[in-house]
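Below is one structure, written out as structure tokens; comments come after it.
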Amino acid sequence: MTVTAQLLRFVEDELQRAAPLADETVELTIAQLRQPRDAMLNPADREHYHELVYSLPKNKPAFIRAFAESLRQNVLADLYGTDTASPVAAPTSVRGLELMDETRVESDIEISGAAQLISGSAEWEMRELQTFTATLAGQTHVTTDTNPLRPLAYARALWDGACAATAVAAQRALLLRISAGVMSGQLKKAWAAACTRLEAAGVEPGLYRTVVLSSGPSLSRSAPTHDLTQPGALEDILSSMPTPGATPKPKTGPIARVVNAQSPAFEQALSKIESMLSRVGPAPSAPVLREHRADLLANTGETVDRQIVELLSRMFDAVLSDQRLPPAFRTVMARLQVSALRVALVDPAMVQDHEHAVWRLMNRIGSAAETYTRTTDPRWAALLAYCETLVDEMQRAPMQDAQLYRLSLSRLDAFLGEQLREQQTRAQPTIDALLRIEQREDMERQISQRLTEQMVPIRTTAGVRRFITGGWATVLAESMQRNGEKSEATLQYLKATDDLLWSLRLPDHPQSRKRLLAMLPGLLQTLRSGMSMLGVPEQDQQQVLDELMSVHTEALRPGKTTTPDQELTPQEIVQRMREETHWDTPSRPPFSDSLIDLSSMDTVPADILPGAQRSQDEALNMIEAMAVGSRYHFFLHGRWTRVQLLWRSGRGNYFLFAGTNPLHNHSITRRALERLSEEKLLKPLDDVSLVQRAVDGLMQKLASP
Numbered sequence: 001m002t003v004t005a006q007l008l009r010f011v012e013d014e015l016q017r018a019a020p021l022a023d024e025t026v027e028l029t030i031a032q033l034r035q036p037r038d039a040m041l042n043p044a045d046r047e048h049y050h051e052l053v054y055s056l057p058k059n060k061p062a063f064i065r066a067f068a069e070s071l072r073q074n075v076l077a078d079l080y081g082t083d084t085a086s087p088v089a090a091p092t093s094v095r096g097l098e099l100m101d102e103t104r105v106e107s108d109i110e111i112s113g114a115a116q117l118i119s120g121s122a123e124w125e126m127r128e129l130q131t132f133t134a135t136l137a138g139q140t141h142v143t144t145d146t147n148p149l150r151p152l153a154y155a156r157a158l159w160d161g162a163c164a165a166t167a168v169a170a171q172r173a174l175l176l177r178i179s180a181g182v183m184s185g186q187l188k189k190a191w192a193a194a195c196t197r198l199e200a201a202g203v204e205p206g207l208y209r210t211v212v213l214s215s216g217p218s219l220s221r222s223a224p225t226h227d228l229t230q231p232g233a234l235e236d237i238l239s240s241m242p243t244p245g246a247t248p249k250p251k252t253g254p255i256a257r258v259v260n261a262q263s264p265a266f267e268q269a270l271s272k273i274e275s276m277l278s279r280v281g282p283a284p285s286a287p288v289l290r291e292h293r294a295d296l297l298a299n300t301g302e303t304v305d306r307q308i309v310e311l312l313s314r315m316f317d318a319v320l321s322d323q324r325l326p327p328a329f330r331t332v333m334a335r336l337q338v339s340a341l342r343v344a345l346v347d348p349a350m351v352q353d354h355e356h357a358v359w360r361l362m363n364r365i366g367s368a369a370e371t372y373t374r375t376t377d378p379r380w381a382a383l384l385a386y387c388e389t390l391v392d393e394m395q396r397a398p399m400q401d402a403q404l405y406r407l408s409l410s411r412l413d414a415f416l417g418e419q420l421r422e423q424q425t426r427a428q429p430t431i432d433a434l435l436r437i438e439q440r441e442d443m444e445r446q447i448s449q450r451l452t453e454q455m456v457p458i459r460t461t462a463g464v465r466r467f468i469t470g471g472w473a474t475v476l477a478e479s480m481q482r483n484g485e486k487s488e489a490t491l492q493y494l495k496a497t498d499d500l501l502w503s504l505r506l507p508d509h510p511q512s513r514k515r516l517l518a519m520l521p522g523l524l525q526t527l528r529s530g531m532s533m534l535g536v537p538e539q540d541q542q543q544v545l546d547e548l549m550s551v552h553t554e555a556l557r558p559g560k561t562t563t564p565d566q567e568l569t570p571q572e573i574v575q576r577m578r579e580e581t582h583w584d585t586p587s588r589p590p591f592s593d594s595l596i597d598l599s600s601m602d603t604v605p606a607d608i609l610p611g612a613q614r615s616q617d618e619a620l621n622m623i624e625a626m627a628v629g630s631r632y633h634f635f636l637h638g639r640w641t642r643v644q645l646l647w648r649s650g651r652g653n654y655f656l657f658a659g660t661n662p663l664h665n666h667s668i669t670r671r672a673l674e675r676l677s678e679e680k681l682l683k684p685l686d687d688v689s690l691v692q693r694a695v696d697g698l699m700q701k702l703a704s705p
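In this text, residue positions in the sequence shown follow UniProt numbering: the first is 1, and each later residue adds one.
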């Protein structure tokens, strides 16, 4: 985006209005919270409403301050094309990986929904404002990237305000939903007023040409209007091309191709174009075939050949105006125009098969180019340099045919594979850590299951039961992996396990009570040591030990037996095993990479939500089909980002993605991906290929009057 002085002044003026906007939003939100609705709420939600009504007025200054600061950070980052670092949930980590649990994913889903709400309510005002910001940015036509005051920026700022107002996750989500609904109405008025001020200042609105909307939860890229994968699709398009100077023939099926040598005049016209491109070096991203189409058509006699010239010139016109293709790579595509036309004229398969090598090479370049968003990214620079060299060598090749494109595609795939392997090598420490996590989880699951079986006949408190089958199982698994199964530390923890289980079914005998008294100091010290190894906060450790102390105090009283009860019925055994729940491990300091975990999440059931979600089966199938090297678009950290899959674990529980920052990867659990996919916050980056998009654009132009 071009940041002109005019645009910057306007943005600064709007940011100055952020605090009053937040002030009014909070007041209206409080008014909505106070509306009687107890009959529509369950007890938990009713309590959250009441607590917000009480706490929000007190925390109003914190909300306003956080909102204004976050909005400024997000808007300026969007304006200058930089990243923001505004974590909406405190990260944790697992063995050197930043752990962003279900709260992190849930917050992203909430932010996406809030942005969708604002966008849907104030869409027309936002579009009108874009006409003015385009002018302020020095453009004659409207594009969304000239307006950094986007709904997503306000949604993220509202979330940061909610986080400043309350520490309760459910209350944050509730506050975001209500305040987003309120602010959507406020922004309608604010953006309309901004347009009025700009118009009064003499700013002329720009003109709409084609507005490519930013990807978001409500925006699923449209299905192809003319599906190239259908048999005969390209031939149908070819037959629809105009043939100036030729007598139209009725369409009777696939066009019969007779490949004839082109006239010397036609070859001279093509050579002239090639010579022009070679003289200027890297060709400008201009539709050269379109500019010289008249010369080419004037020297082409065959009707089909004239249609091929029309088709290729129009397709490259659409390719070179594709907003998803970075400008630098449009230059690369421009240099393929003459070569692709030469192949199409001699190879009938090119207009019969959408998998022809020419189309595949174009799609591969387009898909790879979309992955990176920063021109300073060394991966982007390396890809661009390789593509420029590749196309340059193709232009100099003596024969322009499908074999040349197959060879070039193979070379490009080899380069992309090498890029992928380099990233995997750099990420190997993260991959090793994820493998250890998965191995530890398998070990922990087995230990927990064994302890659960041993705990079935023992009557004790629910807290002690959860600690042994959950938290202590984690301690044992961690020690086995970290120190080894035969290490002194692990053997000490295993002995403590046996002692603890024995103490919970203490025989009613003086010698047993005496043994327990002698055992307790060392046992409690070992338990505390294990919890400390996991980084459990002192307060939580003490809570576990206090509960154990109560159980042991009761057992030490004469006449109080803790021996196993009479044999339990199958129903009682099942009930007790259902009571076993995992004890949450604590947070740890953040590290460089991120691990998004979604072991559980409280969400609105999908069957009562609008049809914005994928079914669970669709989400599962999508995750199962993810292949290493594939590129995706997903909503993370409150914004859409592009990633490439570097690695997935053997069991498919962990996935490692390379992000737009070459120094930062994303490690994500399977359940997190499934949840994002269900909410349509995860999609393939090349869901509609470059060539397919070009065909869609071409057909739309043909259909327009």
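Each residue gets a CB set at the ideal place from its N, CA and C atoms; glycine is no exception.
Quiz prompt | Three or more C-beta pairs below 8 Å linking the segment 441-459 and the segment 654-668 | solution = Cβ pair count under 8 Å is below three, so no.
Quiz item: Under a Cβ-count criterion, where at least 16 other Cβ atoms within 10 Å of its own Cβ denotes burial, should Ala-31 be classed as buried or exposed?
Solution: Position 31 of the sequence shown, counting from 1, holds the residue named residue 31. Classification of Ala-31: exposed, given that the 10 Å Cβ count is below 16.
Quiz item: Is His-666 helix, strand or coil when you go by DSSP?
Solution: Within the sequence shown, residue 666 is the residue found at index 666, counting from 1. Strand, per DSSP.
Quiz item: Which first and last residues belong to the alpha helix (DSSP H) in which His-48 is found?
Solution: Indexing the sequence shown from 1 puts residue 48 at position 48. Unbroken alpha helix (DSSP H) run through His-48: 43-55.
Quiz item: In the structure shown, what three-state DSSP assignment does Arg-396 receive?
Solution: Counting from one through the sequence shown, the residue named residue 396 turns up at place 396. The answer is helix: DSSP assigns Arg-396 an H, G or I state.
Practice problem: Under 8 Å Cβ to Cβ from Asp-499, same chain only, skipping five residues before and after it: list those, please. | Solution: The sequence position of residue 499 within the sequence shown is 499, counting from 1. Apart from sequence neighbours up to five positions away, the residues of its chain that approach Asp-499 with a beta-carbon distance below 8 Å are Met-519, Leu-523, ordered along the chain.
Practice problem: Assign Val-11 to one of two classes, buried (16 or more other C-beta atoms within 10 Å of its C-beta) or exposed (fewer than that). | Solution: In the sequence shown, counting from the first residue as 1, residue 11 sits at position 11. The residue in question, Val-11, is buried, as its Cβ has 16 or more Cβ neighbours within 10 Å.
Quiz prompt | Three-state secondary structure (DSSP) of Pro-205 | solution = Within the sequence shown, residue 205 is the residue found at index 205, counting from 1. Coil, per DSSP.
Exercise. Going by DSSP, name the residue or residues bridged to Trp-640.
Key: Locating residue 640 in the sequence shown gives position 640, counting from the first residue. Paired residue(s): Phe-635.
Quiz item: So, is Met-315 buried or exposed, given that buried needs 16 or more other C-beta atoms within 10 angstroms?
Solution: Numbered from its first residue, the sequence shown carries residue 315 at position 315. Buried is the call here.
Self-check item: DSSP state of Leu-645 mapped onto helix, strand, coil
Solution: Taking the first residue of the sequence shown as position 1, residue 645 is located at position 645. Note: Leu-645 maps to strand in three-state DSSP.
Quiz item: Exposed or buried, Gly-81, counting other C-beta atoms within 10 Å across all chains shown (16 or more means buried)?
Solution: The residue you call residue 81 lines up with position 81 of the sequence shown. Exposed, because fewer than 16 other Cβ atoms sit within 10 Å of the Cβ of Gly-81.
Quiz prompt | Proximity winner among Leu-52, Lys-495, Val-643, relative to Thr-526 (alpha-carbon distances) | solution = Counted from its first residue, the sequence shown places residue 526 at position 526. When each option's Cα is compared against that of Thr-526, the closest is Lys-495.
Exercise. Report yes if the CB atom of Val-544 is closer than 9 Å to the CB atom of Gly-471, and no otherwise.
Key: The residue given as residue 544 occupies position 544 in the sequence shown. The residue given as residue 471 occupies position 471 in the sequence shown. In this structure, Gly-471 lies closer than 9 Å to Val-544 by Cβ.
Self-check item: Continuous alpha helix (DSSP H) stretch holding Tyr-405: start and end
Solution: The count along the sequence shown starts at 1 and reaches residue 405 at position 405. Segment 402-426, the alpha helix (DSSP H) holding Tyr-405.
Quiz item: What's the C-alpha gap between Ala-357 and Arg-342?
Solution: Counted from its first residue, the sequence shown places residue 357 at position 357. Counted from its first residue, the sequence shown places residue 342 at position 342. Near 14 Å, if we compare the C-alpha coordinates of Arg-342 and Ala-357.
Quiz prompt | DSSP three-state assignment for Pro-378, whether helix, strand or coil | solution = Start at 1 with the first residue of the sequence shown, and residue 378 comes out as number 378. In the structure shown, the three-state DSSP call for Pro-378 is helix.
Quiz item: If you compare alpha carbons, which of Pro-348, Met-362, Arg-324, Gln-323 is closest to Met-333?
Solution: Counting from one through the sequence shown, the residue named residue 333 turns up at place 333. Cα-wise, what sits closest to Met-333 is Met-362.
Practice problem: Check whether the Cβ atoms of Ala-115 and Phe-67 sit closer than 9 Å, and answer yes or no. | Solution: Locating residue 115 in the sequence shown gives position 115, where the first residue counts as 1. Locating residue 67 in the sequence shown gives position 67, where the first residue counts as 1. With respect to Phe-67, Ala-115 sits apart: the two C-beta atoms are not nearer than 9 Å.
Quiz item: So, using beta-carbon positions, are Leu-690 and Ile-365 closer together than 9 Å?
Solution: Here the question's residue 690 lines up with position 690 in the sequence shown. Here the question's residue 365 lines up with position 365 in the sequence shown. Yes; because the gap between Cβ atoms is below 9 Å, this pair is in contact.
Quiz item: CB-CB under 7 Å to Gln-423, same chain, minus the five flanking residues each way: which ones, in chain order?
Solution: For this step, residue 423 is matched to residue 423 along the sequence shown. Counting only Cβ-Cβ distances below 7 Å, and skipping sequence neighbours, we find Leu-646, Ala-658.
Quiz item: Bridge partners of Lys-683, per DSSP?
Solution: On the sequence shown, position 683 is the one that residue 683 refers to. By DSSP's assignment, Lys-683 forms a beta bridge with His-633.
Self-check item: Neighbourhood of Leu-516 by C-beta distance below 8 Å, restricted to the same chain and skipping five residues each side
Solution: In the sequence shown, counting from the first residue as 1, residue 516 sits at position 516. So the qualifying residues of the chain are Ser-503, Leu-506, His-552, Ala-555, Leu-556.
Quiz item: DSSP beta-bridge partners for Leu-656?
Solution: What you label residue 656 is simply residue 656 of the sequence shown in a count that begins at 1. According to DSSP, which records beta bridges pairwise, Leu-656 is partnered with Trp-647, Ser-667.
Quiz prompt | Nearest neighbour of Leu-234, chosen from Thr-331, Ala-190, Ala-349, Val-26 [CA to CA] | solution = Along the sequence shown, one-based indexing puts residue 234 at 234. Taking each of Thr-331, Ala-190, Ala-349, Val-26 in turn and checking the Cα distance to Leu-234, the smallest one comes out for Ala-349.
Quiz prompt | Nearest-angstrom Cα separation, counted from Glu-27 out to Met-62 | solution = As a working mapping, residue 62 is identified with position 62 in the sequence shown. As a working mapping, residue 27 is identified with position 27 in the sequence shown. It is Ala, not Met, that sits at residue 62 in the sequence shown. So the two alpha carbons sit approximately 14 Å from each other.
Quiz prompt | Asp-13 in three-state terms, based on DSSP | solution = Here the question's residue 13 lines up with position 13 in the sequence shown. In this structure, Asp-13 counts as helix in the three-state DSSP scheme.
Quiz item: Just curious, the alpha helix (DSSP H) that Tyr-493 is in, first and last residue?
Solution: Working through the sequence shown from its first residue, we reach residue 493 at position 493. Going by DSSP, Tyr-493 is part of the alpha helix (DSSP H) stretching over 488-503.
Exercise. Check whether the Cβ atoms of Gln-481 and Met-443 lie closer than 9 Å to each other.
Key: Here residue 481 is taken as the residue at index 481 of the sequence shown, counted from 1. Here residue 443 is taken as the residue at index 443 of the sequence shown, counted from 1. By the CB criterion at 9 Å, Gln-481 and Met-443 fall inside the cutoff.
Quiz item: In this structure, does DSSP put Ser-107 in helix, strand or coil?
Solution: Taking the sequence shown and counting its residues from 1, one reaches residue 107 at position 107. Secondary structure at Ser-107: helix, using DSSP grouped into helix, strand and coil.
Exercise. Determine the DSSP secondary structure at Tyr-372, reduced to helix, strand or coil.
Key: Position 372 of the sequence shown, counted from the first residue, corresponds to residue 372. Reduced to three states, the DSSP call for Tyr-372 is coil.
Exercise. Can you give me the start and stop residues for the alpha helix (DSSP H) that Ile-623 sits inside?
Key: Numbered from 1 along the sequence shown, position 623 holds the residue referred to as residue 623. Residues 616-624.
Quiz item: Looking at the structure shown, is Gly-484 part of a helix, part of a strand, or coil, going by DSSP?
Solution: Taking the first residue of the sequence shown as position 1, residue 484 is located at position 484. Coil at Gly-484, not helix or strand.
Self-check item: Ser-121 beta carbon less than 9 Å from that of Thr-25
Solution: Your numbering for residue 25 matches position 25 in the sequence shown. Your numbering for residue 121 matches position 121 in the sequence shown. Not in contact: Thr-25 and Ser-121 (Cβ atoms no closer than 9 Å).
Quiz item: For Pro-254, which residues of its own chain have a beta-carbon under 7 Å away from its beta-carbon, when the five flanking residues on both sides are left out?
Solution: Taking the sequence shown and counting its residues from 1, one reaches residue 254 at position 254. In this prediction, Pro-254 has a pLDDT of 48, which is less than 50 and means its spatial position is unreliable; nothing more can be read from the coordinates.
Quiz item: Quick one, which of Pro-327, Gly-638, Phe-655 has its alpha-carbon nearest Gly-629's?
Solution: Position 629 of the sequence shown, counted from the start, is the residue given in the question as residue 629. Nearest Cα to Gly-629 within the set Pro-327, Gly-638, Phe-655: Phe-655.
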